[in-house]
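Just so we're aligned, residue 229 is where the sequence shown starts under the numbering used here, counting upward by one.
Some notes on the structure that comes next.
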Amino acid sequence: MGKIHVLSETVANQIAAGEVVERPASVVKEMLENSLDAGATRIKISIEAGGKKLIQITDNGCGMVRDDAMLAFERHATSKIKNAEDLLSVATLGFRGEALPSIASVSRLRLETRAPEEPTGTVIEINGGKIARVEEAGLPLGTSITVRDLFFNTPARKKFLKAESTELSHIASLVTHYALAHPDKHFELHSATNAMLVAPPVAGQSERVYQVFGKETLDQLIPVAARQALERVGLPQPPPWRRKEEDQDGEGNTSREPGEMRVHGFVSKPEIQKLNRNSIFVFVNGRLIRDRLVQHAISEAYRNIIPPTVFPVVLLFLELPAAEVDVNVHPSKTEVRFRQQSVMHDFVRDSVRAALMKARPVPQFVAEIRAHATASQALTPGALSGGADWHPSDDGLSATEPLRPAADGSFALHAPLQPPASSRLQFEGGIAVEANAAIPVARGLESAPLAPDFAPTLARHEFDAVPDHGCSPALDVNEEEPTLSALGTLKPMGQIRNSFILAVNEDGLWIVDQHVAHERVLFERILKQRSAMKVECQQLLMPIVLELSPAQQAVFQEISDELARNGFEAEPFGARSVAVKVAPAGVEAAAVEHMLHELLDQFSIEEQSLNLEKIRTRIAASIACHAAIKVNMPLEQNKMEWLLAELAKTDHPMSCPHGRPVVLRYSVKDIQKAFKRI
Ligand code: ADP
Ligand code: MG
Numbered sequence: 229m230g231k232i233h234v235l236s237e238t239v240a241n242q243i244a245a246g247e248v249v250e251r252p253a254s255v256v257k258e259m260l261e262n263s264l265d266a267g268a269t270r271i272k273i274s275i276e277a278g279g280k281k282l283i284q285i286t287d288n289g290c291g292m293v294r295d296d297a298m299l300a301f302e303r304h305a306t307s308k309i310k311n312a313e314d315l316l317s318v319a320t321l322g323f324r325g326e327a328l329p330s331i332a333s334v335s336r337l338r339l340e341t342r343a344p345e346e347p348t349g350t351v352i353e354i355n356g357g358k359i360a361r362v363e364e365a366g367l368p369l370g371t372s373i374t375v376r377d378l379f380f381n382t383p384a385r386k387k388f389l390k391a392e393s394t395e396l397s398h399i400a401s402l403v404t405h406y407a408l409a410h411p412d413k414h415f416e417l418h419s420a421t422n423a424m425l426v427a428p429p430v431a432g433q434s435e436r437v438y439q440v441f442g443k444e445t446l447d448q449l450i451p452v453a454a455r456q457a458l459e460r461v462g463l464p465q466p467p468p469w470r471r472k473e474e475d476q477d478g479e480g481n482t483s484r485e486p487g488e489m490r491v492h493g494f495v496s497k498p499e500i501q502k503l504n505r506n507s508i509f510v511f512v513n514g515r516l517i518r519d520r521l522v523q524h525a526i527s528e529a530y531r532n533i534i535p536p537t538v539f540p541v542v543l544l545f546l547e548l549p550a551a552e553v554d555v556n557v558h559p560s561k562t563e564v565r566f567r568q569q570s571v572m573h574d575f576v577r578d579s580v581r582a583a584l585m586k587a588r589p590v591p592q593f594v595a596e597i598r599a600h601a602t603a604s605q606a607l608t609p610g611a612l613s614g615g616a617d618w619h620p621s622d623d624g625l626s627a628t629e630p631l632r633p634a635a636d637g638s639f640a641l642h643a644p645l646q647p648p649a650s651s652r653l654q655f656e657g658g659i660a661v662e663a664n665a666a667i668p669v670a671r672g673l674e675s676a677p678l679a680p681d682f683a684p685t686l687a688r689h690e691f692d693a694v695p696d697h698g699c700s701p702a703l704d705v706n707e708e709e710p711t712l713s714a715l716g717t718l719k720p721m722g723q724i725r726n727s728f729i730l731a732v733n734e735d736g737l738w739i740v741d742q743h744v745a746h747e748r749v750l751f752e753r754i755l756k757q758r759s760a761m762k763v764e765c766q767q768l769l770m771p772i773v774l775e776l777s778p779a780q781q782a783v784f785q786e787i788s789d790e791l792a793r794n795g796f797e798a799e800p801f802g803a804r805s806v807a808v809k810v811a812p813a814g815v816e817a818a819a820v821e822h823m824l825h826e827l828l829d830q831f832s833i834e835e836q837s838l839n840l841e842k843i844r845t846r847i848a849a850s851i852a853c854h855a856a857i858k859v860n861m862p863l864e865q866n867k868m869e870w871l872l873a874e875l876a877k878t879d880h881p882m883s884c885p886h887g888r889p890v891v892l893r894y895s896v897k898d899i900q901k902a903f904k905r906i
């Protein structure tokens with residue numbers, strides 16, 4: 229007997245589901261697109277347990293007649309295209325006819341629908357791909373689909389789901405952006421506990437941005453709008469076999485207008501910088517996609533305006549004739565192929581660049597942004613495990629992204645490699661300065677100290693650690709290694725550019741980064757105070773009202789207890805805001821808002837479930853970062869002495885909570901060598 233057999237439909241659907249239904253957010257995306265295709269003007273989504281328990285979407289679209297409702301669950305059953313030819317110009321969001329059967333095969337699904345043609349509606353229940361019930365019922369016009377217990381029959385897949393708050397924030401972000409794409413429609417998103425988004429129809433996209441994100445976000449955005457006729461760019465004609473007869477005149481030229489491409493939307497001002505691409509949303513003909521070409525065009529537009537390690541907030545809607553884009557590239561329809569790739573690329577780049585130039589970015593900003601961005605990006609654990617072979621891991625997406633292809637699960641399993649025993653910073657004159665010498669340091673956020681023989685980690689992109697090829701002087705075994713107590717003997721001499729403290733002792737010349745040194749001091753202090761439940765806090769003169777995006781709301785709910793224990797007192801204020809009344813001591817009122825937004829954004833991209841330890845250390849690191857002495861700040865002698873003394877008292881004085889070095893040492897031996905005395 230042969231070995232090959234045809235898979236049962238249920239199994240085939242489950243396999244297809246793997247392509248279409250990756251996580252609760254993909255179910256929401258498919259169903260949302262179906263509702264939009266059905267012409268709905270009101271769409272309401274309810275979520276429980278991050279979508280793992282329940283996803284319900286109700287629309288007032290065209291509904292389905294009974295026969296169609298049954299057919300909708302057959303594989304490749306679609307009302308949207310008829311033949312292969314139609315694939316060349318898909319005008320709807322869906323067309324594969326795979327979503328409903330795939331979702332139904334991995335959940336308990338209930339469909340309620342009524343089309344205007346029929347007096348009664350249809351109810352269908354399907355459990356794990358098997359039809360359990362079909363009946364008539366009196367129903368309002370439109371469709372309601374309830375998906376319960378997603379992946380209940382595919383435990384392997386269920387295991388890969390992330391924390392509920394992570395899934396919920398993905399859903400929130402998705403719905404938010406579809407709402408932005410369709411300002412004329414009514415969108416609602418509810419979680420079990422609150423209304424995360426209620427957006428009645430508004431006049432246009434700016435109004436929607438205002439409605440969903442608030443005034444502040446709108447103020448940070450620059451509108452983009454441009455159009456370009458396709459003929460102007462010399463679009464090649466389609467091959468003869470694709471030209472329809474009626475399109476051609478006597479000489480075989482196409483007579484139909486080639487149409488135009490249009491782009492509109494918003495891009496952020498240069499002072500806004502995000503740690504990853506998660507705030508870049510690109511829609512092509514109404515479809516939310518991820519496209520490297522467009523991403524690249526956006527980066528090009530921002531070149532030299534923001535540092536290459538940070539990302540803008542982008543919301544772009546591209547519209548072009550359906551025949552210009554191939555949407556049938558990927559099962560989940562998140563990728564497209566443009567027929568005129570480079571034309572498209574340059575169009576997006578030039579349009580965004582022109583909008584930015586019109587808004588006149590101030591170039592001086594760049595330096596400050598950089599200092600800030602690197603500090604906060606390193607908060608993620610990925611950046612802490614620096615060293616020579618540093619792999620950005622999935623849970624540390626952050627600014628490390630541009631080094632690697634898009635978030636790729638395969639990075640997630642890389643154990644952080646041990647850093648080289650001695651990282652040397654090669655200075656231009658060929659003098660090697662040891663970062664943190666051979667003093668034991670912590671690897672970063674983990675509170676457990678490392679074994680003493682590990683040298684500090686260096687975030688590779690910041691300090692290009694050059695491997696020792698034997699050119700730099702070998703470590704003299706006789707030379708006494710500086711110890712922690714050596715720090716206590718440091719005598720500050722002054723500052724370089726009001727940012728780095730120069731200090732000397734018997735061991736040599738030391739350079740201390742004043743910001744990260746203070747950050748380390750504060751970080752340890754906050755963690756200690758936190759475990760003793762004695763965090764110092766300050767009453768704010770005026771409560772600070774934070775507008776939270778739906779995704780940030782989801783995270784806020786998850787971490788609000790821990791925030792409270794760290795000295796934040798915040799309470800809901802209106803539908804999507806919180807009012808912060810008390811903040812940790814040392815963080816200036818002006819920085820509180822920025823800090824909280826940054827924290828919430830970090831957690832919302834978290835791909836692994838959050839544990840308390842992680843939440844705790846990140847909050848502490850973030851408070852420390854914002855409360856610490858800044859660079860470019862003159863310090864009096866006694867302040868420098870105080871800082872060095874405090875640093876000497878810390879458990880891990882040699883690296884900041886982000887894993888960056890705090891101290892560089894230029895040993896006596898290095899000095900002698902450089903002067904050719906030895
Ligand atoms: P596709 O969207 O690719 O056609 P789906 O599996 O998502 O495939 O849906 C199958 C069919 O079910 C659709 O073509 C459409 O006719 C119908 N359908 C799905 N959702 C809705 C809805 N909310 N309202 C009306 N019809 C729907
Ligand atoms: Mg669909």
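Backbone N, C-alpha and C fix where the C-beta goes; we use that ideal spot for every residue, glycine too.
Distance CB(residue i)-CB(residue j) smaller than 7 Å
i: Asp741; j: Phe728; result: yes
i: Arg376; j: Arg336; result: yes
i: Val495; j: Val571; result: no
i: Ile493; j: Leu446; result: First, the amino acid is wrong: residue 493 is Gly here, not Ile. Cβ distance not < 7 Å, so Gly493 and Leu446 don't count as in contact.
i: Asn333; j: Ala551; result: Just to set this straight, residue 333 is Ser in the shown sequence, not Asn. The answer is no: Cβ separation not under 7 Å.
i: Val256; j: Ser330; result: no
i: Leu755; j: Ala818; result: no
i: Ile283; j: Leu417; result: no
i: Gln183; j: Met424; result: The question about residue 183 has no answer, for the chain in this structure spans 229 to 906.
i: Val557; j: Arg567; result: no
i: Leu774; j: Glu821; result: yes
i: Ala360; j: Glu353; result: yes
i: Phe415; j: Ala431; result: no
i: Glu345; j: Val293; result: yes
i: Gly291; j: Gly370; result: yes
i: Gln501; j: Ile534; result: yes
i: Met259; j: Ile285; result: yes
i: Gly267; j: Gly289; result: yes
Span of the beta strand (DSSP E), counted from its first residue to its last, around residue i
i: Lys719; result: Lys719 to Ile724
i: Thr286; result: Leu282 to Asp287
i: Met292; result: Where Met292 is concerned, there is no enclosing beta strand (DSSP E), given that its DSSP letter is neither H nor E.
i: Glu764; result: Element bounds for Glu764: n/a, residue is neither H nor E.
i: Gln456; result: Leu449 to Ala457
i: Ile739; result: Gly736 to Asp741
i: Val732; result: Phe728 to Asn733
i: Leu328; result: It is not in any beta strand (DSSP E) - Leu328 instead sits in the alpha helix (DSSP H) that spans Ala327 to Ser333.
i: Arg342; result: Arg336 to Arg342
i: Asn355; result: Gly349 to Asn355
i: Val375; result: Gly370 to Arg376
i: Glu364; result: Lys358 to Ala365
Terminal residues of the alpha helix (DSSP H) in which residue i lies
i: Glu528; result: Arg520 to Tyr530
i: Glu392; result: Glu392 to Ala409
i: His573; result: Gln569 to Lys586
i: Lys502; result: Neither: Lys502 is in no alpha helix (DSSP H) and is coded neither H nor E.
i: Val437; result: Gln433 to Phe441
Nearest to residue i (by Cα), restricted to the options the options
i: Gly716; options: Arg846, Glu799, Glu869 and Ala277; result: Glu869
i: Glu785; options: Lys756, Leu824, Arg758 and Ala817; result: It is worth fixing the name first, because residue 785 is Gln in this sequence and not Glu. Answer by Cα proximity: Leu824.
i: Val576; options: Thr382, Leu548, Thr562 and Met770; result: Leu548
i: Pro778; options: Tyr406, Leu299, Leu369 and Pro536; result: Tyr406
i: Arg490; options: Ala457, Lys231, Asn506 and Arg905; result: Ala457
i: Ser507; options: Glu799, Lys719 and Ala400; result: Ala400
i: Lys809; options: Leu791, Glu826 and Ala803; result: Leu791
i: Ala807; options: Ala420, Ile232, Leu321 and Gln767; result: Gln767
i: Asn504; options: Val510, His524 and Phe539; result: Phe539
i: Asp789; options: Asp287, Phe801 and Arg758; result: Arg758
i: Ala305; options: Phe323, Leu776, Ala312 and Ala319; result: Phe323
Inset, instruction - Check whether the region 851-862 touches the region 743-762, counting contact only when three or more Cβ pairs, one atom from each stretch, lie closer than 8 Å. - result: yes
Inset, instruction - Report yes or no: do three or more beta-carbon pairs, one from the region 449-458 and one from the region 513-520, lie closer than 8 Å? - result: no
Legend entry - beta strand (DSSP E) runs contained entirely in the region 787-817, provided each spans 3 or more residues: 797-801 and 805-812
Inset, instruction - Starting from the N-terminal side, write out each stretch of the alpha helix (DSSP H) that is 4 residues or longer and does not extend beyond the region 827-903. - result: 840-855, 865-877 and 896-902
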